[in-house]
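The opening residue of the sequence shown carries number 89 in my numbering; numbering runs sequentially from there. Heads up, the beta-carbon is just placed ideally off N, CA and C, and yes, glycines get one too. Note that the structure is a prediction, hence the values are computed from the model and not measured. Reading through the structure tokens given below for one structure.
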Amino acid sequence: MNVINSIYRCCYRKLSLFLSMNHYHKKKKSKIFGIGLNRTGTTSLQYALEILGYKVAPYNIEIIKAYLKQDWKLLDKLINSFDAFQDWPWPLMYKTLDKKYPNSKFILTTRSNVDIWLKSQIWHTINTNKKDNTAFFTNKIAYGYFYPGFHEAEHKNFYLKFNNEVRNYFKYLKKDFIELCWEKNSNWNKLCKFLNKEYPNTDFPYKRKSSYYYYNKIKINFEKNPIKEFGFDKNEL
């Protein structure tokens with residue numbers, strides 16, 4: 089079934105390109121979609137794409153709301169205004185984006201292993217929610233739970249399953265898909281080759297490298313009394 093679906097997608101892309109060249113419908117400019125889950129180096133990808141000259145859409149909670157409403161009028165308007173995209177909600181709709189924007193490029197960012205990703209996810213959720221509840225909101229939409237620390241097995245399974253599904257989906261579309269892990273020496277070399285860009289004369293922008301010095305203490309304090317920390321009961325998370 090995967091082979092049949094892949095053949096279908098290849099044919100669909102070729103047909104879309106043929107029709108656009110022959111003016112049967114308005115040609116859509118190919119885009120770059122970062123479809124890695126959060127805490128996989130998506131901010132580094134954003135900075136790298138900007139250095140390469142792409143106009144990258146900023147994170148916006150209203151876009152997530154548009155995704156929930158399936159408001160494609162607003163989503164298409166945004167997509168047509170930028171060259172590249174990363175972070176939420178784009179990973180959640182990569183299949184639809186592939187069909188609506190044929191010949192676009194898709195970049196799956198990952199971590200060196202699932203345990204490192206989960207630790208970063210927990211750290212990010214706790215620290216972000218000291219400012220607002222945005223991380224709780226997006227976690228619930230993407231993973232089904234507000235706080236990953238109380239559902240570690242479910243989050244690990246989601247991460248592994250999601251990445252494998254993406255790899256299988258693009259298995260026969262290698263020229264339009266790449267997987268990058270900044271912790272495994274993915275840098276300008278792989279990214280520029282994939283995008284057919286010249287190497288910039290600057291270091292790769294590794295961003296938001298977390299320091300986990302107080303990780304265990306902060307995690308324990310939060311999980312001991314989430315109501316005191318953020319106003320949530322443990323059963324709500």
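Taking 9 Å as the cut-off, the Cβ atoms of Tyr155 and Ile120 do not count as close. The beta-carbon separation of Val202 and Lys249, rounded to 11 Å, does not stay under the 8 Å limit for a contact.
By the neighbour-count definition (other C-beta atoms within 10 Å, threshold 16), Gly122 is a buried residue. Rounded to the nearest angstrom, the gap between the Cα atoms of Pro190 and Ile204 is 33 Å. From the listed residues Ser192, Ile229 and Thr198, the smallest Cα separation to Phe170 is found for Ser192. The three-state secondary structure of Leu185, taken from DSSP, is helix. Counting only unbroken stretches of 4 or more residues, the alpha helix (DSSP H) elements lying wholly within the region 124-153 are 130-139, in sequence order.
Secondary structure in the region 159-208: the alpha helix (DSSP H) runs of 4 residues or longer, each lying completely within the stretch, are 160-167 and 182-188 in chain order. The C-alpha of Trp211 lies about 11 Å from the C-alpha of Ala223.
At a Cβ-Cβ threshold of 9 Å, Lys117 and Asn168 count as neighbours. For Phe250, the enclosing alpha helix (DSSP H) begins and ends at Glu240 to Tyr257. Here DSSP, grouped into helix, strand and coil, assigns Gly237 to helix. Arg127 counts as buried, since no fewer than 16 other beta carbons sit within 10 angstroms of its beta carbon. Per the Cβ contact rule, the region 289-296 is in contact with the region 129-137 (3 or more Cβ pairs under 8 Å). Annotation: the continuous beta strand (DSSP E) that includes Leu268 extends over Phe265 to Leu268.
Across the structure, Pro179 and Glu253 are spaced so that their CA atoms are roughly 12 Å apart.
Between the C-alpha atoms of Leu185 and Gln174 there is a straight-line separation of about 13 Å. Taken atom to atom, the span from the alpha-carbon of Trp160 to that of Ile308 is near 42 Å.
Between Gly129 and Thr216, the CB-CB gap reaches or exceeds 9 Å. Inter-residue distance for Val144 and Lys187 is about 21 Å (C-alpha atoms, whole angstroms). In this structure, the straight-line span from the alpha carbon of Lys183 to that of Asp164 is close to 15 Å. Between the alpha carbons of Glu311 and Gly237 lies a gap of roughly 8 Å.
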